[in-house]
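Residue numbers for the sequence shown, in UniProt numbering: 1 to 703.
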Amino acid sequence: MTSLPFVANRPHPVVPALTSRAPARLATALISILAAAGAYAQAPEQPAPGTVYLSPLVTQADEEDPYAEPAAESAISADAIDLFGGQNLDDVLRSTAGTFTRDNPQNPGVAVNIRGLEGSGRVNMMIDGVRQNFRFTGHEAQGFTYVDPALLAGIDVSRGAVSGVGGAGALGGAVNFRTLGADDILSPGRTAGGFMALNYGDNGAGFAPVAAGAARFGTVSLAAAVSKRSPDNYDNGDGLEVPGTEQDLLSGLVKFEYRPSADHRLTLGGIYYDNDFLANSYNQNIDSKQYTANYAYTPGTDLVDLRVNAYRSDVTMTYSNAPGIPTGGTALGRVIEDVGTGFDISNTSRLGSNVAINYGIEYFHDDVDVVNSAAVPDRGVNPSGESSIGGVFADTRVRFGIADVILGLRYDRYTVEGRGSVTAGNPLGMPEGPYVVDRSDGRFNPKLTLALNPADWVQPYVSWSKTFRPPTISETMTGGSHPPSGGPPQSFFPNPFIKPETSRGWEAGANFTSGPAFTADDSLRVKLGYFHNRVDDYITAIMGQGVYFGNNPGTSTVKGIELEGGYDAGFVFANLSYTHTDSDLPSQVNGFGAQSYVPDDVLSATIGARLIERRLTLGTRYYKVSRSFIGEINAPAGDPWEPGYGLVDLFANYVFTNGTELRANVSNLGDKAYTPVLSTPAGGSDLDTGRGRTVSVTAKFRF
Numbered sequence: 001m002t003s004l005p006f007v008a009n010r011p012h013p014v015v016p017a018l019t020s021r022a023p024a025r026l027a028t029a030l031i032s033i034l035a036a037a038g039a040y041a042q043a044p045e046q047p048a049p050g051t052v053y054l055s056p057l058v059t060q061a062d063e064e065d066p067y068a069e070p071a072a073e074s075a076i077s078a079d080a081i082d083l084f085g086g087q088n089l090d091d092v093l094r095s096t097a098g099t100f101t102r103d104n105p106q107n108p109g110v111a112v113n114i115r116g117l118e119g120s121g122r123v124n125m126m127i128d129g130v131r132q133n134f135r136f137t138g139h140e141a142q143g144f145t146y147v148d149p150a151l152l153a154g155i156d157v158s159r160g161a162v163s164g165v166g167g168a169g170a171l172g173g174a175v176n177f178r179t180l181g182a183d184d185i186l187s188p189g190r191t192a193g194g195f196m197a198l199n200y201g202d203n204g205a206g207f208a209p210v211a212a213g214a215a216r217f218g219t220v221s222l223a224a225a226v227s228k229r230s231p232d233n234y235d236n237g238d239g240l241e242v243p244g245t246e247q248d249l250l251s252g253l254v255k256f257e258y259r260p261s262a263d264h265r266l267t268l269g270g271i272y273y274d275n276d277f278l279a280n281s282y283n284q285n286i287d288s289k290q291y292t293a294n295y296a297y298t299p300g301t302d303l304v305d306l307r308v309n310a311y312r313s314d315v316t317m318t319y320s321n322a323p324g325i326p327t328g329g330t331a332l333g334r335v336i337e338d339v340g341t342g343f344d345i346s347n348t349s350r351l352g353s354n355v356a357i358n359y360g361i362e363y364f365h366d367d368v369d370v371v372n373s374a375a376v377p378d379r380g381v382n383p384s385g386e387s388s389i390g391g392v393f394a395d396t397r398v399r400f401g402i403a404d405v406i407l408g409l410r411y412d413r414y415t416v417e418g419r420g421s422v423t424a425g426n427p428l429g430m431p432e433g434p435y436v437v438d439r440s441d442g443r444f445n446p447k448l449t450l451a452l453n454p455a456d457w458v459q460p461y462v463s464w465s466k467t468f469r470p471p472t473i474s475e476t477m478t479g480g481s482h483p484p485s486g487g488p489p490q491s492f493f494p495n496p497f498i499k500p501e502t503s504r505g506w507e508a509g510a511n512f513t514s515g516p517a518f519t520a521d522d523s524l525r526v527k528l529g530y531f532h533n534r535v536d537d538y539i540t541a542i543m544g545q546g547v548y549f550g551n552n553p554g555t556s557t558v559k560g561i562e563l564e565g566g567y568d569a570g571f572v573f574a575n576l577s578y579t580h581t582d583s584d585l586p587s588q589v590n591g592f593g594a595q596s597y598v599p600d601d602v603l604s605a606t607i608g609a610r611l612i613e614r615r616l617t618l619g620t621r622y623y624k625v626s627r628s629f630i631g632e633i634n635a636p637a638g639d640p641w642e643p644g645y646g647l648v649d650l651f652a653n654y655v656f657t658n659g660t661e662l663r664a665n666v667s668n669l670g671d672k673a674y675t676p677v678l679s680t681p682a683g684g685s686d687l688d689t690g691r692g693r694t695v696s697v698t699a700k701f702r703f
């Protein structure tokens, strides 16, 4: 008799996310949330005597000014991305308060770390609102976003709980990479035009051309862009070549916008990304395609400000032979494909002048299909499966005199499904043979913020929130083994009993804005904050008889200070960001999560001047990180610390009267040998992997 597959026990009834009773649960949750919002809506509208004049409430994400919001948010402009060559997002993100990245010199993807949390969806990474859930297990970050910096119009960073769109399943925050559209490509006052940028850098950077064009025809606008880059291996500060750092990237985008009236806007978009590179001892290819449809209905009434977004993404990674790797490599022929679909619907209703409610629903689903190798397609560390999260939310903002009270509440429910086969001797006592995973669970996650507006230049605030992150397909169903490397093979096992991570925390901060500050036409903006988060059931790799993902016992704490700000007097400007982080998150095994912590202290300071009628910009940046703890389990010589370092960069930019721009920058001016903290070694070597001094120039022509 054929044995039935083992079905994992589960503490909660299994209800797939959007099947059977799930829609009713989501609808009930939404009704409950809106009922709570309605109670707040009964607050009196009459301003108290002596009320300080405040600007109208703004709740739509694309209209927010980070320095006017009582939350830890940052906005990175296209100019900031271009400032240092426009080819490395790690440098840009690491210069943002509370934000870091996992650096892998061989993998072109970007893995964002917020307040020490990263990987496996802890930070929701998006491109134009499309979730980037592609991830794999194998000496890498637990999730990369593959996006070409040359096609970006900006980056929005939200640290901490996100109570609106983009917050489902995210433990530490969200990052949205916004790509170019017609408004970004066209010069002011033009209905057709574009630009071409030619970038050249030494130290392996090579040529990197970019071309973009756009046109408006009455109610219709079209935009398109294409980028090509094929850098070679670069040298570190010691003049030694860092292996496997070459790429061959081709990317592009197309966008269509239809505006039949001022009330309606429909946007369709497509993005293509194809990159060949060497990592994990194999030639790898990333082929990514995503398609978006966005609709906005903004009739200018108090009750309706509607946004509807839908998307589909398809990301495929393929392993092939690399020089020096035998044709029998265990991962040869590996193909990992993640097809994601999702949508969100949100609306903002303003009930008088003192109440605004943003409410809606979001859902996304990932179908992961894996061929682990040509020789053994159905056995390996990366499992196939399906996962989904559906959620409803409401964010109510009420003004009482100089005080804003913001009550956010969301309900999210997840499902993880799949099947596999487990070998005897697994550490969790599962019976040998096939098994089926069908897990589902849900959580209410509140967020409460109190902000004061005693004057137009200062806004102190305090907030408290809860978040949760469901386990991923990989964390639930990993398996297979690692080939011998100086010892016996290492076996990996699934854990269908794994629980979601939960976090509760609070933060306090203040926004300071002044313009003018010291002269008639200068401005000063500062955002200061303190955060303290406690994470339960943190998921990490468990070592022992075999390796599997499990929940760390007890509570892990992450706390710190964030400071960012800028001063601009026209002829001179300065920007500063500083982060101090104190974390006791468990150290993890390289390849099964973050092998090291963010450094205790990170400082980025930029100062510059504008000359010759402000057409010429000259400046420098100083970037300093303290040493970083990596944990004894990853220390090659018993030293659990990676040393800190400081880097100096230079930049210059000149804009001609016809709009042509010439840019030049020098990164790592001192040619310092260093290894970026929170990084993965290059091909297992012990070389310092930081890029040595690199000079690049860019000519940008507008037409």
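Even glycine gets a Cβ: it sits at the ideal position worked out from N, Cα and C.
| Asked | Found |
| --- | --- |
| L151: first and last residue of the uninterrupted beta strand (DSSP E) it sits in | No beta strand (DSSP E) holds L151; DSSP gives it neither H nor E. |
| Rounded distance between the beta-carbons of D412 and I389, thought under 8 Å | 6 Å |
| Stretch pair the region 243–251 + the region 216–235: three plus CB contacts closer than 8 Å | yes |
| Spatial neighbours of S163 in its chain, beta-carbon cut-off 7 Å, leaving aside the 5 residues before and after | F393, D395, G408, R410, K447 |
| Pick from D82, E69, I114 that is closest to V558, judged by C-alpha positions | I114 |
| Best match in I185, S77, L278, V210 for proximity to P108 [C-alpha to C-alpha] | L278 |
| Local conformation of Y67 per DSSP, three classes | helix |
| Host beta strand (DSSP E) of D248 (start-end) | 247–261 |
| L407: first and last residue of the uninterrupted beta strand (DSSP E) it sits in | 403–422 |
| Which listed residue (P70, I612, D404, L171) has its alpha carbon closest to that of residue 704 | Coverage of the chain is limited to positions 1 through 703, which leaves residue 704 absent and any answer about it impossible. |
| Helix, strand or coil at L93 [DSSP, three-state] | helix |
| Exposed unless 16 or more other CB atoms sit within 10 angstroms - verdict on T219 | exposed |
| Among D344, R693, D366, N133, nearest to N358 - alpha-carbon criterion | D344 |
| Contact set for T555: own chain, Cβ-Cβ below 8 Å, skip 5 residues either direction | R534, V535, D536 |
| Cβ distance (whole Å) where N354 is taken to contact V398 below 8 Å | 6 Å |
| Touching by the beta-carbon criterion (3+ pairs, under 8 Å), the region 172–181 and the region 147–157 | yes |
| Residues of its chain near N575, where Cβ-Cβ distance is below 7 Å and the 5 sequence neighbours each way are ignored | G566, T606 |
| Same chain only: Cβ atoms within 6 Å of V655, ignoring 5 sequence neighbours per side | R615, E661 |
| In DSSP terms, what F217 is bridged to | V220 |
| A78, DSSP secondary structure in three states | helix |
| Coil, strand or helix - G206 by DSSP | strand |
| Local conformation of A182 per DSSP, three classes | helix |
| When P471, P460, E69 are compared against A510, the one with the closest alpha-carbon | P460 |
| C-alpha gap between D128 and A174, whole angstroms | 12 Å |
| The region 541–549 contacting the region 79–90, beta-carbon criterion three pairs below 8 Å | no |
| Buried versus exposed, by CB contacts within 10 Å (16 or more), G98 | buried |
| Contact check, A197 vs F144, beta carbons under 8 Å | no |
| S187 - DSSP class collapsed to helix/strand/coil | coil |
| Buried or exposed by the 16-neighbour rule on C-beta atoms within 10 Å, applied to F518 | exposed |
| Any C-beta of chain D under 8 Å from that of G429 | Of the chains in the structure shown, none is chain D; there is only one protein chain. |
| Among P676, T137, T267, the one whose alpha carbon lies nearest that of W641 | P676 |
| For T540, the nearest candidate out of L117, P66, Y67, S74 (CA to CA) | L117 |
| Range of the contiguous beta strand (DSSP E) that encloses T348 | 335–350 |
| Which listed residue (R259, A451, N495) has its alpha carbon closest to that of G550 | N495 |
| Which residues DSSP lists as bridging S503, in chain order | T467, V535 |
| The region 184–194 touching the region 424–440, judged by at least three CB pairs closer than 8 Å | no |
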